[in-house]
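Inspection log for the structure reproduced underneath, given as structure tokens.
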Amino acid sequence: MNTKPFFEEKINCRIKNFLNTDIYQMLGGSNILFSEKDLQKIIDICSQKDCYEMIFKRRLNGGPYLLKDAVSYTNWVMEGWRNHSHFAFIVRNNTGEFIGTLDIKSPDLDNAEVGCWADENYRGFMTNAFKELIALAKNAGYKKLYARIKSENSRSYNMVMRSGFIKIEERLRTDGLLEFIYEITLND
Ligand SMILES: CC(C)(COP(=O)(O)OP(=O)(O)OC[C@H]1O[C@@H](n2cnc3c(N)ncnc32)[C@H](O)[C@@H]1OP(=O)(O)O)[C@@H](O)C(=O)NCCC(=O)NCCS
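In this text, residue positions in the sequence shown follow my numbering: the first is 3, and each later residue adds one.
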């Protein structure tokens, strides 16, 4: 029985945008390379209202998302694939522009946390990308995945529910915010 996740070295999946006819690429493993242009795009996306409010505002103590934060995100992505400690995927549009990311935050096959963020100008692909993430995780040996989502983040919990997750818990965080826990069991 596997005790560690196993992913193909190069991952490249087609992702359809549900709201139009666009096809994107979801990349993982050694298919991920970042350019200077990607860094600027990461800063732009992480500064967008939803993304900043839901994920980065608290982490950055209300400060701006800067180049060093984008560099540290790209280093984290590359490190994960190198060390098999976490597994991030990126999504590019049909001109190769970086438009979002999804990740599995640990190698714990029994229960691993997942997350994502995306460019608000490209709405409509994340449910399909998440379904692909679930299929890849199942193939890699994961048995269960979970997501922690702030109670006010309806776009995010609607998206994970469309992907097959169910709510299992409501938790009050130490900072007083209510968060919901969603999970999916990956049966054989
Ligand atoms: C979470 C996030 C990626 C979701 O993005 P999204 O654009 O709402 O997600 P989707 O692309 O799946 O859905 C967009 C629309 O397409 C529809 N859609 C997409 N795929 C679909 C599918 N397979 N079946 C049915 N409807 C679908 C949805 O119903 C939704 O329409 P609606 O807004 O009218 O309800 C985005 O809100 C985000 O980046 N938020 C900030 C970061 C964040 O909160 N991350 C999560 C932390 S846990």
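Backbone N, C-alpha and C define an ideal beta-carbon position, used for all residues, glycine too.
Any idea what DSSP makes of residue i, helix, strand or coil?
| i | result |
| --- | --- |
| Gly82 | helix |
| Tyr75 | helix |
| Phe182 | strand |
| Leu29 | strand |
| Lys140 | helix |
| Asn189 | coil |
| Lys2 | In the structure as shown, the chain starts at 3 and stops at 190, and residue 2 therefore has no counterpart that could be examined. |
| Tyr67 | coil |
| Lys6 | coil |
| Lys145 | coil |
| Ser37 | coil |
| Asn1 | In the structure as shown, the chain starts at 3 and stops at 190, and residue 1 therefore has no counterpart that could be examined. |
Tell me the DSSP bridge mates of residue i?
| i | result |
| --- | --- |
| Gln42 | Answer is none; Gln42 lacks a bridge partner. |
| Thr176 | Thr176 pairs with nothing; no bridge assigned. |
| Arg150 | Ile183 |
| Lys18 | Ile25 |
| Ile168 | Glu185 |
Beta-carbon separation of residue i and residue j under 8 Å?
| i | j | result |
| --- | --- | --- |
| Met163 | Phe132 | no |
| Ile101 | Phe89 | no |
| Pro109 | Lys12 | no |
| Leu188 | Lys145 | yes |
| Glu181 | Arg173 | yes |
| Leu138 | Phe9 | yes |
| Glu115 | Arg60 | no |
| Ile136 | Ser165 | yes |
| Tyr75 | Ile34 | no |
| Glu122 | Gln50 | yes |
| Asn130 | Phe36 | no |
| Phe91 | Gly30 | yes |
Tell me the rounded alpha-carbon separation between residue i and residue j.
| i | j | result |
| --- | --- | --- |
| Val93 | Met128 | 9 Å |
| Phe58 | Cys118 | 12 Å |
| Leu69 | Ile47 | 12 Å |
| Val73 | Leu41 | 7 Å |
| Asn141 | Gly126 | 25 Å |
| Pro66 | Cys15 | 33 Å |
| Thr23 | Asn95 | 12 Å |
| Asp52 | Asn4 | 38 Å |
| Asp2 | Asn85 | With the chain covering 3 to 190 only, the question about residue 2 has no answer from this structure. |
| Asp177 | Lys152 | 12 Å |
| Gly98 | Ile17 | 13 Å |
| Glu55 | Val79 | 22 Å |
* **Whole beta strand (DSSP E) elements within the segment 76-136, 3-residue minimum** => Taking 3 residues as the minimum length, the beta strand (DSSP E) runs contained wholly in the segment 76-136 are 89-94, 100-106 and 114-120, in order along the chain.
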